[in-house]
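*Asks:* When the letters of the sequence shown are read in order and numbered with the numbering used here, they come out as residues 730 to 1071.
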Amino acid sequence: MQESEEKSGQKLVAIGGGTGLSTLLAGLKQLVGKRGHGLWIESLSAIVTVSDDGGSSGRLREELQMLPPGDIRNCMIALSEDSSLLSRLFRHRFRGSGELGGHSFGNLFLAALTEVTGDFTEAIRLSSEVLASKGHIFPATISDVRLVAELEDGNVVRGETHISASRAPIRRLRLEPEQCLPLPEVLRAIRAADVITVGPGSLYTSILPNLLVSHVARAIGETPATKVFISNLMTQPGETDGYTARQHLETVKQYAPEIHFDFVIVNDRRISNEQAERYAAEDAYQIGIDDDPIDSALDRSTDVIHADLLDEGEKVRHNSDRLANVVLACRKRVRSQPAVPA
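(1) In angstroms, rounded to a whole number, what distance separates the CA positions of residue 979 and residue 1021?
(2) Quick check: the region 769 to 784 against the region 948 to 962, are there 3 or more CB pairs under 8 Å?
(3) So, at 8 Å on beta carbons, what are the nonlocal neighbours of residue 801 in its own chain, with the 5 sequence-adjacent residues on each side left out?
(4) Got a sec: does the ligand FAD put a non-hydrogen atom nearer than 7 Å to the Cβ of residue 860?
(5) Below 8 Å on the Cβ atoms is my contact criterion, and I expect residue 770 with residue 939 to pass it. Report the Cβ-Cβ distance as a whole number of Å.
(6) Taking its Cβ as the centre, do 16 or more other Cβ atoms sit within 10 Å of residue 732, making it buried, or is it exposed?
(7) Go through its chain and collect everything with a Cβ distance to residue 899's Cβ below 8 Å, but skip five positions before and after it.
(8) Report the rounded CA-to-CA distance for residue 974 versus residue 989, giving the unit in angstroms.
(9) Quick one: is residue 986 buried, meaning 16 or more other Cβ sit within 10 Å of its Cβ, or exposed?
(10) Hey, could you find the ends of the beta strand (DSSP E) residue 752 is sitting in?
(11) Three or more beta-carbon pairs under 8 Å between the region 752 to 761 and the region 1045 to 1052, yes or no?
(12) Whole angstroms are fine: how far does the CA of residue 931 sit from the CA of residue 1000?
(13) Does DSSP put residue 963 in a helix, a strand or coil?
(14) Pull up the CB-CB distance for residue 810 and residue 861, whole angstroms please, since I reckon it's below 8 Å.
(15) Among all the DSSP beta bridges, which residues are the ones paired with residue 911?
(16) Could you give the distance in angstroms between the alpha-carbon of residue 935 and the alpha-carbon of residue 921?
(17) For the beta strand (DSSP E) that contains residue 1032, what are its first and last residues?
(18) Just list the alpha helix (DSSP H) runs in the region 820 to 870, keeping only unbroken ones of 4 residues or longer that don't cross its boundaries, in chain order.
(19) Apart from the five residues just before and just after residue 963, which ones in its own chain have a Cβ nearer than 7 Å to its Cβ?
(20) Closest to residue 966 by C-alpha separation, out of 895, 1032, 1005, would be which residue?
(21) Kindly give me the distance between the Cβ atoms of residue 831 and residue 819, rounded to whole angstroms, as I take these residues to be in contact under 8 Å.
(22) Using a Cβ-Cβ cut-off of 6 Å (strictly less than) and excluding sequence neighbours within five positions of residue 741, which residues of its own chain qualify?
(23) Any idea which residues DSSP pairs residue 958 with across the strands?
(24) Under 8 Å, do residue 890 and residue 1059 count as touching if we go by C-beta distance?
(25) Given that a residue counts as buried once 16 or more other Cβ atoms are within 10 Å of its Cβ, and exposed if not, what is residue 1029?
(26) Just the Cα atoms here: how many angstroms apart are residue 946 and residue 993?
(27) Which partner residues does residue 738 have in the DSSP bridge list?
(28) Helix, strand or coil for residue 1041? Go by DSSP, reduced to three states.
(29) Since residue 940 is in the alpha helix (DSSP H), which residue starts that stretch and which ends it?
(30) Pull up the distance between the alpha-carbon of residue 959 and that of residue 927, whole angstroms please.
(31) Note down, in chain order, each residue of its chain lying with its Cβ closer than 6 Å to the Cβ of residue 997, except the 5 sequence neighbours on either side.
(32) Let's test the definition: count the other Cβ atoms within 10 Å of the Cβ of residue 739 and tell me whether it reaches 16, buried, or not, exposed.
(33) Confirm, please, whether the CB-CB distance from residue 857 to residue 805 is below 8 Å.
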């Protein structure tokens, strides 16, 4: 017999990086501990890529030989219990052209705590406590990994920043070193999860780097958790030029064939003409609306969920709350299905 909805707290793991992951987490945190509203989240964990080498993160990585803090900082802010002074402080970026110019306070805070504690993961934990975080954040690995892309034109490009700027199709992506191990907490969170989400986020520089860490894709594939792939809204210049929603998913399956997704979530609302023109000027285009149906990349046991997931505003972004509710609706659908007799 299924447990009552009042007791159905779920353990959820979200995998990715960049703006996409922090947008999702901002919605999911609203469901943490929210008993009395059907399914709710008992434990929320984010597994974040650490291959960034640009901006403030890249500078700190080179100067202090630490893991890049930027994506992790964004996740901490997204999971913060409120958006008051502390979270605003962590977002603050110093002006000017001096040594502090361009640095984020949150990045510097993480760098300082890392030096004080001697442990990047402990610095993340303590920073999350300061922000009253409603979830756990784990770097996918604590190895000093770099992204390497072999391009269709034969060139080899190293570093996330150079890969995004190359504007040539990617033939193969790998980590350097290739055999890097995940944090034990990462594997524990995956194995204990009821729901695992992959995406949204930059395909080659936010999503795939997590899945390329040794044992991560296999652990996701082996767990009985409900697995959800969240499609991006737009192509990304220099990474996914010309990609359809189906090609995004097929690329993930190419690098992580162990993972079978129970659900794929796709936005079905068209962006405004003004947004389309603005993004087209930067060679970015909406996916999932006019391109090839994503269904052709799936087997019959994967459900495609189409929903209006656009946020309001000039930038094309997912609506955090709607996306989070659709994710839990996927889990609810699985739990409502009758058990198959052994």
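C-beta: ideal position from N, C-alpha, C; glycine also.
*Replies:* Taking the definition as stated:
(1) Going by the C-alpha atoms only, they are around 12 Å apart.
(2) Here the region 769 to 784 makes no contact with the region 948 to 962; the two share fewer than three CB pairs at distances below 8 Å.
(3) Here the set comprises 777, 779, 839, 853, 866, 868.
(4) For the ligand FAD, the structure offers nothing, since it holds no ligand at all.
(5) Wrong, their Cβ atoms sit about 20 Å apart, outside the cutoff.
(6) Reliability of the predicted coordinates at residue 732 is poor, the pLDDT of 47 falling under 50, and no value is obtained from them.
(7) These residues qualify, in order along the chain: 878, 879, 880, 881, 892, 933, 968.
(8) If I take the Cα positions, the gap works out to 17 Å.
(9) Answer is exposed; the Cβ neighbour count stays below 16.
(10) Where residue 752 is concerned, there is no enclosing beta strand (DSSP E), although the alpha helix (DSSP H) around it starts and stops at 747 to 757.
(11) Proximity of the region 752 to 761 to the region 1045 to 1052 meets the contact definition, three or more beta-carbon pairs being nearer than 8 Å.
(12) Each residue's Cα considered, the two are about 19 Å apart.
(13) In the structure shown, the three-state DSSP call for residue 963 is strand.
(14) Rounded, the Cβ-Cβ distance is 4 Å, consistent with contact.
(15) Per DSSP, 870.
(16) Those two C-alpha atoms are separated by around 23 Å.
(17) From DSSP, the beta strand (DSSP E) with residue 1032 extends over 1032 to 1036.
(18) Within the region 820 to 870, the complete alpha helix (DSSP H) runs of at least 4 residues are 834 to 846, 849 to 859.
(19) If the five residues before and after residue 963 are omitted, its C-beta is found closer than 7 Å to the C-beta atoms of 1008, 1013, 1014, 1015, 1016, 1045, all from its own chain and listed in chain order.
(20) Of the listed residues, the one whose Cα sits closest to residue 966 is 895.
(21) Rounded, the Cβ-Cβ distance is 16 Å, inconsistent with contact.
(22) Correct list, in chain order: 770, 773, 924.
(23) Bridge partners of residue 958: 927, 993.
(24) Contact: no.
(25) Under the 10 Å beta carbon count, residue 1029 is surrounded by fewer than 16 other beta carbons and is classified as exposed.
(26) The alpha-carbon atoms of residue 946 and residue 993 are separated by roughly 17 Å.
(27) Answer is 769.
(28) Three-state DSSP puts residue 1041 in coil, outside helix and strand.
(29) Start and end: 937 to 941.
(30) The C-alpha of residue 959 lies about 6 Å from the C-alpha of residue 927.
(31) Setting aside the 5 residues that flank it on each side, residue 997 is surrounded in the same chain by 1035, each with a C-beta closer than 6 Å to its C-beta; the list follows chain order.
(32) When all chains shown are included, residue 739 counts as buried.
(33) A distance below 8 Å separates the beta carbons of residue 805 and residue 857.
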